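Asker: According to numbering that gives the first Met the number 0, the first sequence is numbered sequentially starting from 0. So that we are looking at the same thing, I have put the structure below in structure tokens.
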Amino acid sequence: MRFSRLFSYTTKEDPKDATLPSHKYLVKAGFIKQIAAGIYDFLPLGKMTFDNIRQIVKEEMDSAGANEVTAGFVTPCELWAESGRINKMGDEMLRIKDRKNQCYVLSPTNEETFVDMVRNRVKSYKQLPVNLYQINTKFRDEARPRFGLLRGREFVMKDAYSFHSDESDLDREFNLMEETYRKIFTKLGLEFRAVMADSGAIGGTGSKEFMVLADSGEDTLAVCDSCDYAANLEVASRKNPKKENPVKTEEIEQIETPNVKTIEEVAEFMGVDKHFIIKAVIKKAIFADKEKIVVFFVRGDDELEETKAKNAIFADDLVDASEEEIKEAGLVAGYVGPFGLDSKIDYIIDDDLRGADELVAGANIEPYHIKGASLKEANILGNVTRYGDIAAVKEGDRCPKCGGRLKLTKGIEVGHIFKLGDVYSKPMNATFLDEQGKAKAFIMGCYGIGVSRLVAAAIEQNHDEFGMIWPKEIAPFIVDIIIGDVKKSEQVEFAEELYAKLQNAGVKTLIDDRAERFGPKIKDFELIGFPYAVVIGKKLKDGIVEIRDRKTLEKIEVQADEVFSKLMEML
RNA sequence: CGGGGUGUAGCGCAGUUUGGUUAGCGCACCUGGUUUGGGACCAGGGGGUCGAAGGUUCGAGUCCUUUCACCCCGACCA
């Protein structure tokens, strides 16, 4: 491609709306253009990069035996009523009406579509397994789209759906997909982790997320420094050794603590480490058929992990309880503790507090706290002691698998694989005949990759102050031939010759033949981040040209007649 | 959804407080010339429903009302 013919416009100034590097550079380098909140046009360079990623995803899915299809982007509401998600998913699903006033949904995901595609076609266990996928547009009407391509409303996802006769075959496919995903992200040249994850709104049992490691990631991961344990903070657990409280109390005391409510205030007032104080986090749990106030008790130096807490009580959602609701439930804000708590109040104590003693907690009476309390005996709370893993893992906590140190790191979710079981096939009445000739709902798995998100994720992981640095596998062009002065015919001739040679060798090459000076050309090279540039400039008359490595910013002078072979070596 | 902010040329902005001829600047763009290894210089030039609608006024980018769009923070720790 000739730069002079490339529909590409870079700007000198940063776009004002972009905060993250990927967003800033994608706009500045003319890869994308925003057309509405969370909706972007892909310009040629963006499209090329996207297509390169798409191609790698496709190749690996195909070689894993999956079949590519394309489902309609606009789907009838009835399909979503069948699975019950039309009510569950709420405003994220953008609904539209056609001229006949029929209700349609812009697909936010496609489980229903694929169940419908397979049911009544696959009739026997002999036809299983089946794995279908598409690389297609999705629309989720996010409350607050942001970060450019990382959290758009319209995006492209590779979504695959597999159908099996039993759980063990699903397990096999799930492992195959995990392996396939590892190949894909490795091929893309990205540093990533596969982590245990929450199943979220899609439902189902086992699930793993694939995270591209980057500081700007929205997800936090707990990764063990000495084994392969890795989990999203939403499900991460730990196994910390017990610590002794150096402060000993003869017997349980109730201490007057006026205006001492926060953990910091209590720690200071009592002269005790926050670790030995029980913190009460009061939430309103929302279930399909009811709402109720629930108290979560964690150590004072821990934080409640809401997703874990929500899962521990099987709630649909957890929201903050208002002061009024807290009072109504009979709780004394600032003085809530597990000891002497009204028996009608639901509560859960974090696992880390099991068997702990010498604890400080609210006395459930204003203005008192108790000191020297123990959770050693089960009956101290009456006969019901409910424990659960509800605290957020902290940096330095011990790995539940090997006892190693857990580190927290940020990641961008670019893939997610689920075991769905029959949560969609059953309500949608999608069955096959098993070996006994009995109708059975398909056992399903589903597997997603955020293809357009990967464009941005790759940049978040690979950039510097000058611009993007593309991994070779997905760069729009591998080599950028910069002609120093297009008025010098010997430079142009040499460049054209090299361009032809590289193209014949199958190297994606851009020739910067624009009538620009050297400055803008090299700046564009650095901004767009092609892996290599060949500068053909004034030293050509001495038989020398220069190769630039975008990643290292290294300049290598080479003999002009050796530049082609040198490049072929480097690529 | 709650809170805050911003809409003026393709991009980045000034002008709005205190209403007053033809609405400015930088970048980008066009023409000519000089330049040519790190976003050149000189001269000339083109480009605007001032987000939209309504209102006040002799007069509105500026004041009032309504509305739309976009951005940021939050929707986590009693």
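We put the beta carbon where it would ideally sit given N, CA and C, even for glycine. As the structure is a prediction and not an experimental result, all values here were calculated from the model.
Closest to Gly402 by C-alpha separation, out of Cys223, Ser62, Lys27, would be which residue?
Answerer: The shortest Cα separation from Gly402 among Cys223, Ser62, Lys27 belongs to Cys223.
Asker: Which residue comes first and which comes last in the beta strand (DSSP E) that contains Lys291?
Answerer: Start and end: 290 to 298.
Asker: Pull up the distance between the alpha-carbon of Lys157 and that of Ser21, whole angstroms please.
Answerer: Roughly 21 Å separates the two Cα atoms.
Asker: Would you call Gln133 buried or exposed, if buried means 16 or more other Cβ atoms sit within 10 Å of its Cβ?
Answerer: That one is buried.
Asker: For Tyr160, which of Ala70, Arg143, Ala229 has the nearest alpha-carbon?
Answerer: Of the candidates Ala70, Arg143, Ala229, the one whose C-alpha sits nearest the C-alpha of Tyr160 is Ala70.
Asker: Between the Cα of Ala235 and the Cα atoms of Pro245, Thr248, Asp218, Asp214, which residue gives the shortest distance?
Answerer: Of the candidates Pro245, Thr248, Asp218, Asp214, the one whose C-alpha sits nearest the C-alpha of Ala235 is Asp218.
Asker: For Arg547, write down the residues that DSSP places opposite it in a beta bridge.
Answerer: Paired residues: Ala532, Lys554.
Asker: Taking its Cβ as the centre, do 16 or more other Cβ atoms sit within 10 Å of Leu237, making it buried, or is it exposed?
Answerer: What sits at residue 237 in the sequence shown is Arg, not Leu. Buried: at least 16 other Cβ atoms inside 10 Å.
Asker: Starting from Ala230 and walking both ways along the beta strand (DSSP E), at which residues does that stretch end?
Answerer: Per DSSP, Ala230 belongs to the beta strand (DSSP E) from 229 to 231.
Asker: Can you name the residues that DSSP bridges to Lys409?
Answerer: In the DSSP output, where bridge partners are listed per residue, Lys409 has Thr219.
Asker: Tell me which residue opens and which closes the alpha helix (DSSP H) that Met567 is part of.
Answerer: 562 to 569 is the extent of the alpha helix (DSSP H) around Met567.
Asker: Mapping the DSSP letters down to three states, classify Ser236 as helix, strand or coil.
Answerer: Ser236 falls in the coil class under three-state DSSP.
Asker: On a CA-only basis, which of Ala36, Thr430, Arg397 is nearest Lys122? Give me that one, please.
Answerer: Taking only the C-alpha atoms, the option nearest Lys122 is Thr430.
Asker: Rounded to whole angstroms, what is the Cα-Cα separation between Val68 and Ile95?
Answerer: Each residue's Cα considered, the two are about 24 Å apart.
Asker: Taking only three categories from DSSP, how would you classify Glu472?
Answerer: Coil at Glu472, not helix or strand.
Asker: If I follow the unbroken beta strand (DSSP E) through Tyr160, where does it start and stop?
Answerer: Run containing Tyr160: 153 to 163, per the beta strand (DSSP E) assignment.
Asker: Tell me the rounded alpha-carbon separation between Ala80 and Arg150.
Answerer: Between Ala80 and Arg150, the C-alpha separation is close to 27 Å.
Asker: Pop quiz: Asn64 and Asn130 are said to be a contact at Cβ under 8 Å. What is the actual Cβ separation, rounded to whole angstroms?
Answerer: Sequence check: residue 64 is Gly here, not Asn. Their Cβ separation, rounded to whole angstroms, is 6 Å, which keeps Gly64 and Asn130 in contact under 8 Å.
Asker: Whose C-beta lies closer than 6 Å to the C-beta of Lys550 among residues of the same chain, with five residues either side of it excluded?
Answerer: Result list for Lys550: Ile468, in chain order.
Asker: Can you give me the Cβ contacts of Tyr386 inside the same chain, cut-off strictly under 8 Å, excluding the 5 residues immediately before and after it?
Answerer: Hits under 8 Å: Ile347, Ile348, Asp349, Asp350, Leu352, Arg353.
Asker: If we count the other Cβ atoms within 10 Å of its Cβ and call it buried at 16 or more, is Asn378 buried or exposed?
Answerer: With a pLDDT of only 49 at Asn378, under the threshold of 50, the placement of this residue in the model should not be trusted; the figure read from the coordinates follows. The residue in question, Asn378, is exposed, as its Cβ has fewer than 16 Cβ neighbours within 10 Å.
Asker: Going by beta carbon distance, what residues of the same chain come within less than 7 Å of Gly371, once the five residues before and after it are set aside?
Answerer: Thr248, Glu250, Ile251, Glu252, Glu357, listed in sequence order.
Asker: Classify Gly420 as buried or exposed, calling it buried when 16 or more other Cβ atoms lie within 10 Å of its own Cβ.
Answerer: Its Cβ being crowded by 16 or more others within 10 Å, Gly420 is buried.
Asker: Mapping the DSSP letters down to three states, classify Met467 as helix, strand or coil.
Answerer: Strand at Met467.
Asker: Between the Cα of Gly436 and those of Tyr124, Met60, Glu302, Ala456, spot the shortest distance and give me the residue it belongs to.
Answerer: That would be Tyr124, whose Cα lies nearest to the Cα of Gly436.
Asker: Where do the ends of the beta strand (DSSP E) carrying Leu93 lie?
Answerer: Element bounds for Leu93: 93 to 96.
Asker: With 16 other CB atoms within 10 Å as the buried threshold, where does Tyr8 fall?
Answerer: Classification of Tyr8: exposed, given that the 10 Å Cβ count is below 16.
Asker: Secondary structure at Asn378, three-state DSSP: helix, strand or coil?
Answerer: For Asn378, the pLDDT reaches just 49, beneath the cut-off of 50, and the residue's location in the model is therefore unreliable, although a value from the coordinates is still provided. Correct three-state label for Asn378: coil.
Asker: Since I believe Ile325 is in contact with Ile281 (beta carbons under 8 Å), could you give me their beta-carbon distance rounded to a whole number of angstroms?
Answerer: Correct: roughly 6 Å between the Cβ atoms.
Asker: For Asp396, which residues of its own chain have a beta-carbon under 7 Å away from its beta-carbon, when the five flanking residues on both sides are left out?
Answerer: Same-chain partners within the cutoff: Arg237, Asn239, Leu405.
Asker: Just to check my reading of the structure: Gly361 and Ala266 have Cβ atoms closer than 8 Å, yes? What is that Cβ distance to the nearest angstrom?
Answerer: At roughly 13 Å, the Cβ-Cβ gap does not stay under 8 Å, so Gly361 and Ala266 are not in contact.
Asker: Do the CB positions of Phe286 and Ala314 come within less than 8 Å of each other?
Answerer: Yes, the Cβ-Cβ distance between Phe286 and Ala314 is below 8 Å.
Asker: Roughly how many angstroms lie between the CA atoms of Lys486 and Glu515, to the nearest whole one?
Answerer: Taking the straight line joining both Cα atoms gives about 10 Å.
Asker: Can you round the beta-carbon distance between Glu172 and Gly449 to whole angstroms, since I take them to be within the 8 Å contact cut?
Answerer: About 21 Å separates the two Cβ atoms, so there is no contact after all.
Asker: Please determine if the segment 167 to 187 and the segment 485 to 499 are in contact, where contact requires at least 3 C-beta pairs separated by less than 8 Å.
Answerer: Counting Cβ pairs under 8 Å, fewer than three are found: no touch.
Asker: Between which residues of its own chain and Thr185 is the CB-CB distance below 7 Å, once the five residues before and five after are set aside?
Answerer: So the list is empty, once near-sequence residues are dropped.
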